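Quick note, the sequence shown lines up with residues 33 to 163 if you use this note's numbering.
In what follows, a single structure is set out as structure tokens and then discussed.
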Amino acid sequence: MSQSYNRGTVEDFGRWREFTAGMWAWIFHKFTGWVLVGYLFTHIAVLSTSLGGAELYTNTLQGLEALLVVRFLEIGLLAVAVFHILNGIRLLMVDLGVGLEAQDKSFYLSLVLTGAIVVASVPTFLGGPLA
Numbered sequence: 033m034s035q036s037y038n039r040g041t042v043e044d045f046g047r048w049r050e051f052t053a054g055m056w057a058w059i060f061h062k063f064t065g066w067v068l069v070g071y072l073f074t075h076i077a078v079l080s081t082s083l084g085g086a087e088l089y090t091n092t093l094q095g096l097e098a099l100l101v102v103r104f105l106e107i108g109l110l111a112v113a114v115f116h117i118l119n120g121i122r123l124l125m126v127d128l129g130v131g132l133e134a135q136d137k138s139f140y141l142s143l144v145l146t147g148a149i150v151v152a153s154v155p156t157f158l159g160g161p162l163a
């Protein structure tokens, strides 16, 4: 016999307003981790063009670098990677017992540092090919 459980507000999509910084940190960390795993497959696909010879690989890279959308995706990849790294360091410190009282502040700091690094890097990505 199956039982029905009252899940309360679990299905309420408005619950995100109640999330604390720790929950957002967890969500963002999981999301960025999955984005990095997805990027890994794209990276392997581009690298596999080198099996067709140096010319094919070079043409593939030059073709991708010429697309403006790819440059914006690279900026997004940088943001994802930087946040994942900084939040991972934050989690390591929390696991070691350092800064337990300031978890919210360290999460916000990781967001601010990610934003600063990405904004400072935008001219590099959108500046055009070097060669």
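For glycine and all other residues, C-beta sits at the position ideal for the given N, C-alpha and C.
If you're wondering where the values come from, they're calculated on a predicted model, not measured in any experiment.
What is the DSSP secondary structure of residue i, reduced to helix, strand or coil?
i       : result
Phe-51  : coil
Gly-159 : coil
Gln-35  : coil
Val-130 : coil
Gly-85  : coil
Counting along the chain, where does the alpha helix (DSSP H) carrying residue i start and finish?
i       : result
Val-114 : 100-127
Is the CB-CB distance between residue i and residue j below 7 angstroms?
i       : j       : result
Val-26  : Thr-64  : Absent from the structure is residue 26, since the part of the chain shown begins at 33 and ends at 163.
Ser-153 : Leu-110 : yes
Thr-81  : Leu-88  : yes
Can you name, in chain order, every residue of its own chain whose Cβ lies under 7 angstroms from the Cβ of residue i, other than the five neighbours on each side?
i       : result
Leu-118 : Ser-142, Leu-145 and Thr-146
Leu-132 : Val-126
Ile-76  : none
Arg-122 : Ser-138, Phe-139 and Ser-142
In chain order, what residues of the same chain have a beta carbon less than 6 angstroms from the beta carbon of residue i, not counting five sequence neighbours either side?
i       : result
Phe-139 : Ala-53 and Ala-57
Skipping 5 residues on each side, what residues in its chain have a beta carbon closer than 8 angstroms to that of residue i?
i       : result
Leu-96  : Val-78 and Val-102
Phe-60  : Phe-115 and Asn-119
Asp-136 : Thr-52, Ala-53 and Gly-54
Val-150 : Ile-107, Leu-110, Ala-111 and Val-114
Decide if the stretch 100-109 is in contact with the stretch 152-161; the criterion is three or more beta carbon pairs, one per stretch, under 8 angstroms apart. yes
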